[in-house]
Amino acid sequence: MICPECSSSRIDKAGLRYLANGSSVQRFQCRECGYRFSEKRKNINSETNKSENRQICALKVKNLEPQAKTKLAGDLEKLPQEAKGLIAQFLAYLEKEGYSKDSHYPNNLKTLVRLGADLLNPESVKKVLGRHNIKNGAKLQHVYAYSAFAKMMKIDWEPPKYKQEETIPFIPDEKELDQLIAASRSKRMAAYLQCLKETFADPGEALKLRWIDISGNVITINKPVKGHLPRQLEVSNKLISMLEALPKKSERIFPTTYNVIFSCYSKVRKRAAELQKNPRLLSIELRTFRHWGGTMIAHYTNGNVLTVKKLLGHKRIENTMKYIGMIHFKGDEFEVTSATTVEEAKQILSSGFDYVTEKNGIMLFRRPKRFSKYS
Numbered sequence: 018m019i020c021p022e023c024s025s026s027r028i029d030k031a032g033l034r035y036l037a038n039g040s041s042v043q044r045f046q047c048r049e050c051g052y053r054f055s056e057k058r059k060n061i062n063s064e065t066n067k068s069e070n071r072q073i074c075a076l077k078v079k080n081l082e083p084q085a086k087t088k089l090a091g092d093l094e095k096l097p098q099e100a101k102g103l104i105a106q107f108l109a110y111l112e113k114e115g116y117s118k119d120s121h122y123p124n125n126l127k128t129l130v131r132l133g134a135d136l137l138n139p140e141s142v143k144k145v146l147g148r149h150n151i152k153n154g155a156k157l158q159h160v161y162a163y164s165a166f167a168k169m170m171k172i173d174w175e176p177p178k179y180k181q182e183e184t185i186p187f188i189p190d191e192k193e194l195d196q197l198i199a200a201s202r203s204k205r206m207a208a209y210l211q212c213l214k215e216t217f218a219d220p221g222e223a224l225k226l227r228w229i230d231i232s233g234n235v236i237t238i239n240k241p242v243k244g245h246l247p248r249q250l251e252v253s254n255k256l257i258s259m260l261e262a263l264p265k266k267s268e269r270i271f272p273t274t275y276n277v278i279f280s281c282y283s284k285v286r287k288r289a290a291e292l293q294k295n296p297r298l299l300s301i302e303l304r305t306f307r308h309w310g311g312t313m314i315a316h317y318t319n320g321n322v323l324t325v326k327k328l329l330g331h332k333r334i335e336n337t338m339k340y341i342g343m344i345h346f347k348g349d350e351f352e353v354t355s356a357t358t359v360e361e362a363k364q365i366l367s368s369g370f371d372y373v374t375e376k377n378g379i380m381l382f383r384r385p386k387r388f389s390k391y392s
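Note that the numbering used here has the sequence shown beginning at 18, numbered continuously upward.
What follows is the structure in structure tokens.
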């Protein structure tokens, strides 16, 4: 079997899709690009298939709910009956109160239920959170979710006090990011990683990019994640060529979910680490591309906070400050030139080079190979 998206033969079974007449169709998922598809049925003009198609169309007329809600309903089926009702009520409450459709609050509540928490008992929720082996920052997200639920149910509770840990993110070398991109056998995965590298976007922002967001060599991020601002970034001809080579079967450039893309990326990362004999690659998360970009911009702009803030799309300057002075890069990432006269020096400075020092009557200058347009 061949993936219709990237033509890879590395295919896994991905559960069943149940039809309206009670029958089922095998679903598959490509291990390279993450694309999910069903096996084409034979004899599509048979009376059985015509009957199935009629029933499916009739079902769609009666129920025009989005696919995302169908998936949520499937997840709810795995929970206790009482919890299913409460979370379904919570979903309607979030929509009414204007919360984002991408809110993780319902998933956070489902996690609490699976861990044994009684949503109507705040002390039970505190107990489950206390023994849950996750970082305090993740626990805070569960606290925020349950606080919204408690407000809906008019439950009095005193949230536990967790503080976000301050950590220094892992910053790889640029060649290590390029190794991961080169190790991607799927054109879509390679283009996605290259997009993360050049736009410094959050992984979720990159997944929401649409074809209409590309104009020439400029990509517009119009659907930022929480805490980010919309922005425009100039990218290389290489990235535009990689994107143009992808099939345009959807409004979005990368029509998949974060869980699917991360699952495929984990396999790419593991394969690259084995091929390159470099265990550091295993520490590179999808968000690491953004951290690398932030430190590069900060270094090459001599710590210009406003420039870093603008390119990363931060709403709060406090989020930008962690990149200032974090790391210094190698000298081979700079172009170097020299001048012996004042006129030569003027021309070199007008080209974006910075004066470094003078030795034996020769003035030395340098500028970064990348990001020089931001300095």
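Backbone N, C-alpha and C define an ideal beta-carbon position, used for all residues, glycine too.
By Cβ distance below 7 Å, which residues in the same chain neighbour residue i in space, the five residues on each side in sequence not counted?
{"i": "Q181", "result": "N153, G154 and L157"}
{"i": "L337", "result": "First, the residue type needs correcting, since residue 337 is Thr and not Leu in the sequence shown. Closer than 7 Å at Cβ, skipping near neighbours: V322, V325, K326, L329 and H331."}
{"i": "K171", "result": "none"}
{"i": "K30", "result": "Q43 and F45"}
{"i": "D103", "result": "Position check: residue 103 holds Leu in this sequence, whereas Asp was assumed. Result list for L103: L136, in chain order."}
{"i": "N239", "result": "D230 and P247"}
{"i": "Y275", "result": "P220, G221 and L224"}
Between residue i and the rest of its own chain, which residues show a CB-CB distance below 6 Å, the 5 nearest in sequence each way excluded?
{"i": "H245", "result": "G330"}
{"i": "Y179", "result": "N153, K156 and L157"}
{"i": "M259", "result": "A208 and Q211"}
{"i": "Y110", "result": "M169"}
{"i": "G310", "result": "F217"}
{"i": "E56", "result": "Q43"}
Tell me which same chain residues have a C-beta within less than 8 Å of the C-beta of residue i, skipping the five on either side of it?
{"i": "V145", "result": "L129, L132, G133 and A134"}
{"i": "N234", "result": "E251, V252, S253, N254 and I257"}
{"i": "I341", "result": "A315, G320, V322 and V325"}
{"i": "S11", "result": "Nothing can be reported for residue 11: it is not among the residues displayed for the chain, which extend from 18 to 392."}
{"i": "V359", "result": "none"}
Who does residue i pair with in a DSSP beta bridge?
{"i": "C47", "result": "I28"}
{"i": "V353", "result": "R383"}
{"i": "L250", "result": "I236"}
{"i": "K376", "result": "I379"}
{"i": "V142", "result": "V142 pairs with nothing; no bridge assigned."}
{"i": "I104", "result": "DSSP, once it has assigned bridges, lists no residue as partnering I104."}
{"i": "Y35", "result": "S41"}
{"i": "H316", "result": "Beta-bridge pairing links H316 to no other residue."}
{"i": "F306", "result": "Partner(s): none; F306 has no beta bridge."}
{"i": "R53", "result": "Q46"}
{"i": "I231", "result": "I236"}
{"i": "R7", "result": "Any question about residue 7 goes unanswered here, given that the chain covers just 18 to 392."}
{"i": "D135", "result": "Its beta-bridge partners do not exist; DSSP assigns none."}
{"i": "D371", "result": "R383"}
Buried or exposed for residue i, please, with buried defined as at least 16 other CB atoms from any protein chain shown within 10 angstroms of its CB.
{"i": "Y372", "result": "exposed"}
{"i": "E193", "result": "buried"}
{"i": "K127", "result": "buried"}
{"i": "F187", "result": "exposed"}
{"i": "D219", "result": "buried"}
{"i": "S201", "result": "buried"}
{"i": "M18", "result": "exposed"}
{"i": "F107", "result": "buried"}
{"i": "G378", "result": "exposed"}
{"i": "T216", "result": "buried"}
{"i": "N125", "result": "buried"}
{"i": "P264", "result": "exposed"}
{"i": "R286", "result": "buried"}
{"i": "I278", "result": "buried"}
{"i": "T312", "result": "buried"}
Assuming residue i and residue j form a contact by the criterion Cβ under 8 Å, report the distance between their Cβ atoms to the nearest whole angstrom.
{"i": "M206", "j": "Y282", "result": "7 Å"}
{"i": "Q196", "j": "Q293", "result": "6 Å"}
{"i": "R27", "j": "C47", "result": "7 Å"}
{"i": "E261", "j": "P241", "result": "Not confirmed; about 24 Å, so no contact."}
{"i": "R384", "j": "E352", "result": "5 Å"}
Check your understanding: Do the stretch 268-276 and the stretch 225-236 meet, that is, are 3 or more Cβ pairs less than 8 Å apart?
Key -> Contact between the stretch 268-276 and the stretch 225-236 is present: three or more C-beta pairs spanning the two stretches fall below 8 Å.
**Study point:** Three CB pairs or more closer than 8 Å across the stretch 234-249 and the stretch 296-305
**Key:** Touching, no, given that fewer than three Cβ pairs across the two stretches are closer than 8 Å.
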